[in-house]
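Okay, so here's the structure we're looking at.
In this note's numbering, the protein residues as written are 66 to 372.
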C-alpha cells in the first residue's frame, strides 16, 4: 500500500471555505486509490475543522523549524508528499529531500498566491494589473516551489496558461485539477424561483477578497434596496470579525449571518447569489455551489475566471 503524507497550511474546514472543500476532495481521491493517507500541519486546530479520523485519515501535528519533523518523516517514509501551498514546500521540502529522497513531491497551489497578491496590490492602488505586479518576490518564491516539485496541481485553466505563457513553466510540471463535484450529493430537484427569497453571498471573512466584496456590497446595497424595498442581503461566512458584525443592519436588510453549516442549504433558499470579487485568484466555490443549486449568480470577470 502506498503511503502519502499531506502537509497542510491549515487544517481542512470544508464547511468554511472552498479551499477546505477542495482539500477534502483530494484527500478522498487518494483514499479511493487505497492509499494510506496522513495529514499533518503546523497550524493550530480549529473549531470547524473536519474529523479526519472519520474519513479514515490519520493526522499529526508538526512544528516549523524543528528537527522533530526529520525524525517523524524518516519513520513514516511516505511514497508521496503533497504540500498545501508553496509556503509549506518552502518550509518542509528540503527536509523531505533529506529524509525521503525518492518520495514524489506534489505541490497543491490551491490558487496562485502571486496572482492574488498582484491583483490585490493593483486594486489597493486603484489601477490596472501590470506585468510588474506579477513579477513580485512572492511570484519568485511560488515559481521556485513549482520548479522544485515533481508535479503541481493547478485549479484554474487561466492559471495554467499564465504559468506556461508568462512565467515559462514547462507544462509537463503542471496538472489542471479544478473542483471535483460529488454528483451523488447534488440534488435532483431544487426550489423554484418563486419559492425563494432574498439575495445572499458567502465566503470566509478571513479571506481578503471576500471581506472586500462585503464592503463593496455595503456600498451598493442602498441602490438595490431602493429598487426592491423588501429585499434582504444574507451574508454568510466563517470567522466574522467585530468589524463585520458591526455592519449588521436589520433596518436596511443588510444581515451578517455568520457561519453556515451547509452552504448548499442557504444557497437553495436564495434567489440571487452576489459575488462582486474585485481581486483574487483560482475558481470560486460559491459560484459552483450556485450552479449546483440552480441559483442565479452575479459576479465580476475575476469571479467568473476559470469557471
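Built from N, CA and C at the ideal position, the CB exists for glycine as well.
Scanning its chain for C-beta atoms nearer than 6 Å, with the 5 sequence neighbours on each side dropped, one finds around residue 78 the residues 85, 113 and 114, in chain order. Going by beta carbons, residue 74 and residue 150 fall inside the 8 Å limit. The alpha helix (DSSP H) runs lying completely inside the region 158 to 205 and spanning 4 residues or more are 178 to 189 and 196 to 199, given in chain order.
Here the C-alpha atom of residue 92 lies approximately 7 Å from the C-alpha atom of residue 102.
Assigned with DSSP and collapsed to three states, residue 147 falls in strand. In this structure, residue 296 sits away from residue 270, with a CB-CB distance that is not shorter than 8 Å. For the region 231 to 292, the full-length alpha helix (DSSP H) segments reaching 4 residues or more read 273 to 292 along the chain.
Judged by DSSP in its simplified three-state form, residue 137 adopts helix. Residue state for residue 92 is assigned as helix, using DSSP reduced to three classes. The beta carbon of residue 199 is closer than 6 Å to those of 183 in its chain, skipping five residues each way along the sequence. The Cβ neighbour count for residue 136, taken over all protein chains shown within 10 Å, is under 16; the residue is labelled exposed. For the 8 Å CB-CB criterion, residue 343 and residue 364 do not form a contact. Shown here for residue 67: same chain residues with a beta carbon closer than 6 Å to its own, the five before and five after excluded, namely 100 and 144 in chain order.
Assignment of residue 214 by DSSP, reduced to helix, strand and coil, places it in the coil class.
Rounded to the nearest whole angstrom, the CA to CA distance from residue 287 to residue 305 is 22 Å. With a 10 Å radius around the Cβ and a threshold of 16 neighbouring Cβ atoms, residue 246 comes out exposed.
Residue range 328 to 333 is occupied by the alpha helix (DSSP H) that includes residue 331. Straight-line spacing of the CA atoms in residue 130 and residue 156 works out to 7 Å.
Shown here, residue 223 sits in a helix according to DSSP, grouped into three states. For residue 73, the secondary structure class from DSSP, reduced to helix, strand or coil, is coil.
In this structure the region 171 to 186 lies against the region 201 to 212, because at least three pairs of beta carbons, one per stretch, are closer than 8 Å. One thing to note: residue 203 has its Cβ no nearer than 8 Å to the Cβ of residue 146.
Each of 372, 324 and 120 was checked against the Cα of residue 81, and the nearest Cα belongs to 324. Residue environment analysis places residue 159 among the exposed positions, since fewer than 16 neighbouring C-beta atoms fall within 10 angstroms of its C-beta. Residue 266 and residue 284 have their C-alpha atoms some 15 Å from each other. Membership of residue 310 in any beta strand (DSSP E) is not indicated; the residue belongs instead to the alpha helix (DSSP H) covering 307 to 310. Here the region 350 to 365 makes contact with the region 238 to 253; the two share three or more CB pairs at distances below 8 Å.
For residue 369, the uninterrupted alpha helix (DSSP H) run begins and ends at 366 to 369, by DSSP.
CA-CA distance, residue 190 to residue 341, rounds to 18 Å. In the structure shown, the three-state DSSP call for residue 129 is coil. DSSP links residue 302 through a beta bridge to no other residue.
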